[in-house]
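The structure under discussion appears below in the form of structure tokens.
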Amino acid sequence: MSDTARHPDGEKPRHLNFLEQIVEADNASGKWGQDAQGHPKVHTRFPPEPNGYLHIGHAKSICLNSGLARSYGGAFNLRFDDTNPAKEEQEYVDAIIKDVEWLTGGHAGYRFGGIFWASSYFERMYGWAEELIQKGLAYVCDLSAEEVGKRRGSIGVPATSPFRDRDPAESLALFRDMRAGKFPNGARTLRARIDLASPNFTMRDPVMYRIIHESHHHTGDAWCLYPMYDWAHCLEDSLEGITHSICTLEFRNNRPLYDWFIDSINKDRGPGSRWGERIHHPQQIEFARLNLTYTVMSKRFLLALVKEARVSGWDDPRMPTICGLRRRGYTPASIRRFCDDIGVTTQESTIDVGRLENAVRDDLNKTAPRVMSVLRPLKVVIENWPEGKIDELDFVINPEDPGAGTRKVTFTREIYIEREDFMETPAKKFFRLAPGQEVRLRWAYFIRCTGVVKDASGEIVEVRATYDPETRGGDAPHGPDGQPLRKVKGTLHWISAQHAIKGEVRLFDRLFNAEEPGKRTGNQLDDLNPNSLERIEAMLDPVLAGAAAGATFQFERMGYFCVDPDSRPGAIVLNRTVTLKDTWAKVGAAGT
RNA sequence: UGGGGAUUGGUGUAACGGUAGCACGACUGACUCUGACUCAGUUAGUCUAGGUUCAAAUCCUAGAUCCCCAGCCA
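This is the structure we're talking about:
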């Protein structure tokens with residue numbers, strides 16, 4: 001028997017996680033029967049409520065559920081759990097569809113069951129509710145929300161309702177009146193008749209239906225009676241033939257209720273029963289939701305950030321939303337890989353956000369074309385380079401991908417280098433440019449610094465240097481033995497001053513300063529990083545001029561950047577997805 | 001105070017009574033026309049206390065810590 005599985009995107013074998021173990025055991029025992037092709041049935045779903053945008057935590061669930069379908073030849077449904085018209089909007093529906101399709105790669109690799117709505121099952125659910133009333137397992141309760149709260153009981157003290165022994169016929173009539181719109185919001189509820197004394201509060205006669213006179217984004221004004229999560233969810237799963245209903249840990253206490261509802265419908269059902277055949281009973285399984293350091297994942301908090309304009313929108317590249325990550329330059333494959341790497345268990349944990357960043361670095365390193373752009377320019381004048389002379393040099397587009405080939409870059413007398421690549425009095429181990437020191441300009445020439453020009457305030461405004469014509473292409477001259485005659489430690493990126501184009505670059509830092517936002521003061525806003533966005537004007541490689549929104553590049557030595565949709569002809573905007581790893585930054589920080 | 005869960009290196013995750021392994025990070029070093037990538041090495045762990053057993057992360061007992069539950073939210 002196999003004890004490994006494949007990464008969704010490829011190669012490395014890996015241990016089975018607890019969900020995969022369950023699926024394999026079920027497949028071995030034939031628990032769920034077979035699909036049309038004769039394979040053991042595996043059917044999962046992702047059931048968001050359309051009351052907000054999807055974030056990286058949802059990505060874990062999407063990858064998990066679609067990944068299981070992919071691994072075991074099963075199917076995967078996207079289903080909107082739209083049971084509360086007061087909170088849900090079409091805008092969210094549209095955004096969620098887009099994000100799920102983007103993340104899963106257009107449903108590649110598994111059978112996409114389709115897009116479903118809980119609200120399209122309302123009639124079926126209603127019928128089952130009447131059945132439960134007639135079986136004596138549900139009753140209409142006239143208590144107000146406030147009264148129910150008061151009568152909920154407490155630990156060791158049972159709840160009470162004067163209506164739980166109401167005659168089923170009366171309940172049924174009342175329930176039909178509720179549906180007919182004869183009562184205002186909150187006047188009555190339908191409650192399951194389970195156990196008012198249960199130590200598990202979710203079993204203390206939970207509400208199944210409440211009255212909400214409000215238009216629904218999907219069903220319009222067809223209903224004023226809306227099902228609660230517990231009643232609705234198990235039925236949605238059942239109707240769709242879901243086998244493994246995977247949800248987060250906080251629903252553990254709800255599992256007995258999930259099972260109770262299905263079992264109650266199945267009570268007295270079977271061949272020849274007046275109620276009909278038994279309905280499908282999926283298995284709910286809980287897993288630990290994703291937590292990330294320096295990140296807040298709650299929908300209402302993210303909504304507040306948007307509403308209070310602390311970010312530019314749901315897709316602000318600093319947001320942990322899927323659309324934010326997309327705009328930031330994250331690829332679907334990198335997010336999938338991340339979700340696969342962190343695993344899935346029933347123990348709560350917090351993942352270092354650095355792992356997400358590593359995932360996108362890994363992916364982009366293999367695919368992103370390289371470009372030389374200078375974020376914070378410092379002019380260098382090559383004193384022995386003739387005025388007006390132009391040289392065209394070969395530039396390797398992606399060393400990780402030989403197939404990407406080369407292109408030309410233009411070298412002239414005046415170039416820009418990164419300000420941080422020059423030190424007048426170099427620190428220890430600083431092997432970039434400094435007076436008297438020689439460096440390589442990538443793919444171009446060796447240059448040696450001959451001096452600096454300062455303005456009245458003493459600020460360095462220009463660096464003077466000479467180049468060595470023998471080093472054209474960036475190679476040191478070789479001796480007769482084939483060995484380079486000299487070596488330079490530093491290689492700098494650069495751009496011809498005359499050819500560079502100016503553009504806006506947006507540099508992002510973490511949205512929060514604290515590893516666990518809100519831990520200190522109880523208010524997550526207190527840990528909001530006021531400097532999470534920096535906009536600068538940079539000197540960019542001219543090839544960027546024609547780049548489309550969403551295109552991703554590596555700025556050599558500086559990081560990965562992605563063209564923002566705010567770009568206009570002649571006014572390009574780039575987002576820094578993530579920096580490259582920077583050992584020197586660490587050395588420098590340690591040295592100060 | 002009732003019920004339901006969870007505790008393995010810094011972090012995350014394997015082990016399913018039989019050698020505590022892997023990944024990430026950190027640290028060394030090699031390589032390098034990106035201080036990137038890549039490669040090699042080092043680092044460090046079973047919540048505690050008892051018990052069962054030839055043998056315990058795993059089984060038993062007691063305790064500790066953390067999380068969830070008293071919405072007409074999901």
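Just so we're aligned, residue 1 is where the first sequence starts under the working numbering, counting upward by one. C-beta: ideal position from N, C-alpha, C; glycine also. This structure is a prediction, so every number in the text was calculated from the model and none was measured.
Approximately 7 angstroms separates the beta-carbon atoms of CYS141 and ARG188; this is inside 8 angstroms, confirming the contact.
Contact annotation: LYS135 and ASP268 have beta-carbon atoms nearer than 8 angstroms. Three or more beta-carbon pairs drawn from the segment 367-384 and the segment 539-557 are found closer than 8 angstroms, and the two stretches are therefore classed as touching.
Just measuring C-alpha positions, the residue of LEU16, TRP117, PHE411 and PHE395 sitting nearest ALA404 is PHE395. Residue state for ARG535 is assigned as strand, using DSSP reduced to three classes. Between PHE18 and THR345, the CB-CB gap stays under 8 angstroms.
Residue environment: VAL157 is assigned as exposed (fewer than 16 neighbouring CB atoms within 10 Å of its CB, all protein chains considered). Counting the other Cβ atoms within 10 Å of the Cβ of ASN531 gives fewer than 16, which makes it exposed. Per the C-alpha coordinates, the member of PHE431, THR466, ALA551 and ALA549 positioned closest to VAL587 is PHE431.
Counting along the chain, VAL207 sits inside the beta strand (DSSP E) bounded by residues 207-211. Around the Cβ of GLU534, a 10 Å sphere holds fewer than 16 other Cβ atoms; the residue is exposed. Distance from the CA atom of ALA359 to the CA atom of GLY105, rounded to whole angstroms, is 17 angstroms. In this structure, the alpha-carbon of GLY272 lies about 31 angstroms from that of PHE116. DSSP places HIS58 within a helical segment (H, G or I) once states are collapsed to three. Scanning its chain for C-beta atoms nearer than 8 angstroms, with the 5 sequence neighbours on each side dropped, one finds around GLY270 the residues GLU277 and ARG278, in chain order. In the structure shown, CYS449 falls within a strand segment according to DSSP collapsed to helix, strand and coil. Counting every other CB atom within 10 Å of its CB across the protein chains shown gives ALA69 a total of 16 or more, marking it as buried. Per DSSP, reduced to three states, the secondary structure at TRP231 is helical. Distance from the Cα of GLY474 is smallest, within the candidate group LYS489, GLU462, ARG464 and VAL463, for LYS489. In this structure, DSSP gives ASN84 a state outside helix and strand, which the three-state scheme calls coil.
A contact between stretches requires three or more CB pairs, one per stretch, nearer than 8 angstroms, and the segment 505-522 meets this requirement with the segment 294-313. Between the segment 212-223 and the segment 260-267 there are fewer than three inter-stretch CB-CB distances shorter than 8 angstroms, so the stretches are not counted as touching. Taking all protein chains shown into account, THR521 has fewer than 16 neighbouring C-beta atoms within 10 Å of its C-beta and is therefore exposed. It is roughly 9 angstroms from the alpha-carbon of ASP527 to the alpha-carbon of LYS519. Around the beta-carbon of GLY52, 16 or more other beta-carbon atoms lie within 10 Å, marking it buried. With contact defined as three or more Cβ pairs closer than 8 angstroms, the segment 572-586 and the segment 497-510 are in contact. By the Cβ criterion, the segment 165-185 is not in contact with the segment 144-151, since fewer than three pairs of Cβ atoms, one from each stretch, lie closer than 8 angstroms. As DSSP reads the structure, VAL573 sits in a beta bridge with GLU504. If only complete runs of 3 or more residues are kept, the segment 233-308 shows the beta strand (DSSP E) at 244-248 and 283-287, in order along the chain. The residues HIS58, SER61, ILE62, ASN65, SER66, PHE76, ASN77, LEU78, ARG79 and VAL100, in chain order, have a CB closer than 8 angstroms to that of PHE46 in the same chain once the five nearest residues on each side in sequence are set aside. Proximity of the segment 382-398 to the segment 577-584 falls short of the contact definition, fewer than three beta-carbon pairs being nearer than 8 angstroms. For GLY559, the uninterrupted beta strand (DSSP E) segment begins and ends at 559-563. Taking all protein chains in view, the Cβ of GLN437 is crowded by 16 or more other Cβ atoms within 10 Å, so the residue is classified as buried. For PHE430, the three-state secondary structure derived from DSSP is coil. DSSP places ASP468 in the strand class (E or B) of the three-state scheme. Going by C-alpha positions, ALA197 is about 12 angstroms away from PRO206.
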